[in-house]
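S.K.:
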Amino acid sequence: DAMVIQNPRYQVTQFGKPVTLSCSQTLNHNVMYWYQQKSSQAPKLLFHYYDKDFNNEADTPDNFQSRRPNTSFCFLDIRSPGLGDAAMYLCATSREGGPYEQYFGPGTRLTVT
Amino acid sequence: QQQVKQSPQSLIVQKGGISIINCAYENTAFDYFPWYQQFPGKGPALLIAIRPDVSEKKEGRFTISFNKSAKQFSLHIMDSQPGDSATYFCAASMGGNQFYFGTGTSLTVIP
Numbered sequence: 117d118a119m120v121i122q123n124p125r126y127q128v129t130q131f132g133k134p135v136t137l138s139c140s141q142t143l144n145h146n147v148m149y150w151y152q153q154k155s156s157q158a159p160k161l162l163f164h165y166y167d168k169d170f171n172n173e174a175d176t177p178d179n180f181q182s183r184r185p186n187t188s189f190c191f192l193d194i195r196s197p198g199l200g201d202a203a204m205y206l207c208a209t210s211r212e213g214g215p216y217e218q219y220f221g222p223g224t225r226l227t228v229t
Numbered sequence: 356q357q358q359v360k361q362s363p364q365s366l367i368v369q370k371g372g373i374s375i376i377n378c379a380y381e382n383t384a385f386d387y388f389p390w391y392q393q394f395p396g397k398g399p400a401l402l403i404a405i406r407p408d409v410s411e412k413k414e415g416r417f418t419i420s421f422n423k424s425a426k427q428f429s430l431h432i433m434d435s436q437p438g439d440s441a442t443y444f445c446a447a448s449m450g451g452n453q454f455y456f457g458t459g460t461s462l463t464v465i466p
């Protein structure tokens, strides 16, 4: 089945220690998104790609970076995680030109100790 | 600034009852309004969506009512079931792929 896969599902990192979350998709969608979702809150868009065209939300901290080496894969790098970065990180994809449905992965739960 | 306002924050409904969740928006440029359902530990999944040129859309037990002049839209779940217990997010999009989510409603359906 075509899907959005996120690895790992659970990640524990130490305060200040860089961490990378990964997302892959078999849907061949050219738009990919990263959202941050804290407990009992709405998903908050961090950035998105139209193909390799990177779009950063104005309020996304510089601590968050992203890479998209090809259509199928996208990575979220947190350079120096703080306690406030503990959250669920959701990857989503959609076709370009929308509005089209966004397909979400299961998320990565990040814990910062 | 919250682009889409959602209420209530939580909702408890008896099995067989009607669940109603409301959302409001300000930006008239929004042209697509989806509802997402999220179970614990899972990513959101599209439930139903509507465009502003229609006032109502129904899919099974789920109905979106849309009031363009009031800039409001709502989700109605008829004959609510315990399996409907989840968090529901409304969202709005303008001209493509950028979505703004409401703050979510935690629905509990009591058997």
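As you go down the protein sequences, you meet chains A and C in turn.
Residues in the first sequence are numbered from 117 upward in steps of one, following the numbering used here.
Residues in the second sequence are numbered from 356 upward in steps of one, following the numbering used here.
Ideal placement from N, C-alpha and C gives every residue a C-beta, glycine not left out.
1) For Leu430 of chain C and chain A, any beta-carbon pair shorter than 8 Å?
2) Give the straight-line distance between the Cα atoms of Asn123 of chain A and Gly398 of chain C, rounded to the nearest whole angstrom.
3) May I ask you to report which of helix, strand or coil DSSP gives Phe169 of chain A?
4) Any beta carbon of chain A sitting closer than 8 Å to that of Leu366 of chain C?
5) In chain C, which residues lie with their C-beta within 7 Å of the C-beta of Ala158 of chain A?
6) Taking only the alpha-carbon atoms, compute the straight-line gap between Leu226 of chain A and Gln357 of chain C and give it to the nearest angstrom.
7) Can you give the Cα-Cα distance for Asn172 of chain A and Ser196 of chain A, rounded to whole angstroms?
8) Evaluate the contact criterion for the region 204-217 of chain A versus the region 393-412 of chain C: three or more CB pairs, one atom per stretch, below 8 Å.
9) Is the Cβ-Cβ distance between Tyr455 of chain C and Gln392 of chain C less than 8 Å?
10) Looking only at DSSP bridge pairs, what is Glu414 of chain C linked to?
11) Check Leu143 of chain A in the structure and name its three-state DSSP category.
12) Report back the beta-carbon spacing between Ser362 of chain C and Ser435 of chain C to the nearest angstrom; my notes put them in contact at under 8 Å.
13) Would you report the Cα separation of Tyr219 of chain A and His145 of chain A, rounded to the nearest angstrom?
14) So, are the CB atoms of Ser440 of chain C and Tyr387 of chain C less than 8 Å apart?
15) In this structure, what does DSSP give as the bridge partners for Ile376 of chain C?
M.R.: Reading it off the structure:
1) no
2) 13 Å
3) In the sequence as displayed, the identity of residue 169 of chain A is Asp instead of Phe. The answer is strand: DSSP assigns Asp169 of chain A an E or B state.
4) Not closer than 8 Å to any Cβ of chain A, the Cβ of Leu366 of chain C fails to qualify, so no.
5) Ordered by position in chain C, the residues that pass the 7 Å Cβ test against Ala158 of chain A are Phe444, Phe456, Gly457, Thr458 and Gly459.
6) 25 Å
7) 18 Å
8) Between the region 204-217 of chain A and the region 393-412 of chain C there are three or more inter-stretch CB-CB distances shorter than 8 Å, so the stretches are counted as touching.
9) No, the Cβ-Cβ distance between Tyr455 of chain C and Gln392 of chain C is not below 8 Å.
10) C:Phe417.
11) Residue state, collapsed to three classes: coil.
12) Their Cβ separation, rounded to whole angstroms, is 17 Å, which puts Ser362 of chain C and Ser435 of chain C out of contact at 8 Å.
13) 10 Å
14) no
15) C:Leu430
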